[in-house]
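Remarks on the structure that follows.
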Amino acid sequence: DTEVTQTPKHLVMGMTNKKSLKCEQHMGHRAMYWYKQKAKKPPELMFVYSYEKLSINESVPSRFSPECPNSSLLNLHLHALQPEDSALYLCASSLSGTSVSEQYFGPGTRLTVT
Amino acid sequence: GESVGLHLPTLSVQEGDNSIINCAYSNSASDYFIWYKQESGKGPQFIIDIRSNMDKRQGQRVTVLLNKTVKHLSLQIAATQPGDSAVYFCAENTGNAGNMLTFGGGTRLMVKP
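As you go down the protein sequences, you meet chains B and X in turn. Just so we're aligned: the first sequence equals residues 1 to 114 in our numbering. Just so we're aligned: the second sequence equals residues 115 to 227 in our numbering.
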């Protein structure tokens with residue numbers, strides 16, 4: 001299984017809603033990542049989990065809250081988002097978070113905040 | 115209307131021709147580079163990688179060239195096909211903070227049949 005899966009594919013939420021994005025991989029990878037991608041822009045790193053511990057938070061607002069329940073799962077909890085948070089949210093995984101290696105990306109969740 | 119900053123550089127090639135996509139990276143300490151392909155509505159897909167101790171690496175129909183002197187990376191696609199149409203991103207890893215990638219701005223490749 002060489003796939004990173006993400007659910008849901010699309011999400012529309014109001015500014016007062018609470019929702020969660022989910023990501024799963026079964027490749028035995030020990031690092032997982034959240035990226036945000038705006039239209040016609042490159043992915044921007046938000047969070048890195050290495051061995052189920054948050055190792056990097058790229059100054060992301062607290063309305064985004066990551067969670068790594070186990071080595072295969074990564075969640076992103078969303079609360080009180082703003083319309084400018086509308087974007088494609090990508091999850092990725094890699095063999096290690098401490099040494100360089102290829103990151104495998106999921107298909108993303110297209111988020112619209114109304 | 116158009117907005118500043120919403121344009122991707124575009125390379126338009128004829129089917130069957132070779133394509134060269136260029137990338138300038140910023141950090142001379144970067145030691146690992148990846149090219150990703152992103153089709154509309156999909157996540158980035160790994161194409162090929164190269165470490166800084168190499169100048170060239172070849173895959174199936176793709177070649178990556180690394181020029182550390184001028185901090186330049188290129189992706190060559192041989193016999194470009196319509197299925198190669200996508201946005202291509204280079205990414206660099208400085209090696210200082212684990213496996214963190216910084217992506218370049220991207221180039222849209224359009225293949226004309």
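Think of the CB as a built atom: it goes at the ideal place given N, C-alpha and C, for glycine as much as any other residue.
Exclusion of the five residues before and after residue 151 of chain X leaves 159, 161, 200 and 202 as the residues of its chain whose Cβ lies within less than 6 angstroms of its Cβ. Take residue 149 of chain X, set aside five residues on each side of it, and the residues of its chain with a beta-carbon closer than 7 angstroms to its own are 161, 162, 178, 189, 202 and 204, in chain order.
One thing to note: residue 105 of chain B has its Cβ no nearer than 9 angstroms to the Cβ of residue 85 of chain B.
Look at residue 84 of chain B here: in three-state DSSP terms it is helix.
If the five residues before and after residue 73 of chain B are omitted, its C-beta is found closer than 6 angstroms to the C-beta atoms of 24, all from its own chain and listed in chain order. Neighbourhood of residue 214 of chain X in chain B, by CB distance below 8 angstroms: 45, 48 and 56, in chain order.
By the Cβ criterion, the segment 27–37 of chain B is not in contact with the segment 130–142 of chain X, since fewer than three pairs of Cβ atoms, one from each stretch, lie closer than 8 angstroms. Assignment of residue 198 of chain X by DSSP, reduced to helix, strand and coil, places it in the helix class. Counting along the chain, the unbroken beta strand (DSSP E) around residue 171 of chain X starts and ends at 170–172. Counting only the Cα atoms, residue 206 of chain X lies some 8 angstroms from residue 145 of chain X. Residue 165 of chain X places its beta carbon less than 9 angstroms from that of residue 100 of chain B.
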